[in-house]
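One structure is given here, and the rest of the page talks about it.
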Amino acid sequence: MLDSEQGGFFQLVPDTDFRVDRQYVDQTNVLETTFQTDSGTLRLTDWIPAACPLLPETYWSTSLIRRVECIAGQVSLRVHFRPSFDYARKSVSFRF
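Heads up: the sequence shown begins at 244 in our numbering, then just goes up one per residue.
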């Protein structure tokens, strides 16, 4: 997601060959991506929270929510993550 050359990205994909289908949930900003592999099916749901006066602005103005579900069989997942802040003008470090 986002700009893989200059900005950050957060990629979640099966670690084997797959077919992909994307669609928005009816009348929402929720994107569902379905990955079909020979061993199973994986659904990735992405959304950005809408403004909510009950939550701090930093929560809903900067958050990307991602949910991954294996909905059939088994699927190994590859995660490639490179965060970027301030439009890639600041360096980033983190530990796992």
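All C-beta atoms, glycine included, are put in the ideal place defined by N, C-alpha and C.
Where the beta strand (DSSP E) through residue i begins and ends
i	result
ILE199	The question about residue 199 has no answer here: the residues shown for the chain are numbered 244 through 339.
PHE324	320–325
VAL256	252–257
Spatial neighbours of residue i in its chain, beta-carbon cut-off 7 Å, leaving aside the 5 residues before and after
i	result
PHE324	PHE253
SER282	GLY316, GLN317, VAL318
TYR267	VAL273, LEU274
Sequence-distant residues of the same chain with beta carbon closer than 8 Å to residue i, five excluded per side
i	result
PRO257	PHE278, THR280, LEU285, VAL318, SER319, LEU320, ARG321
Closest Cα partner of residue i within the set the options
i	options	result
TRP290	ILE308, LYS333, THR259	ILE308
Same chain only: Cβ atoms within 6 Å of residue i, ignoring 5 sequence neighbours per side
i	result
MET244	Only weak support exists for where MET244 lies, its pLDDT of 47 falling under 50; the coordinates are left without a value.
Any non-hydrogen atom of the ligand FAD closer than 8 Å to residue i Cβ
i	result
LEU307	In the structure on display, the ligand FAD does not appear, and there are no ligands present to speak of.
Distance CB(residue i)-CB(residue j) smaller than 9 Å
i	j	result
LEU287	ARG310	yes
- Message: Is it the case that the stretch 314–321 contacts the stretch 273–287, given that we only count it when at least three CB pairs across the two stretches are under 8 Å?
- Response: yes
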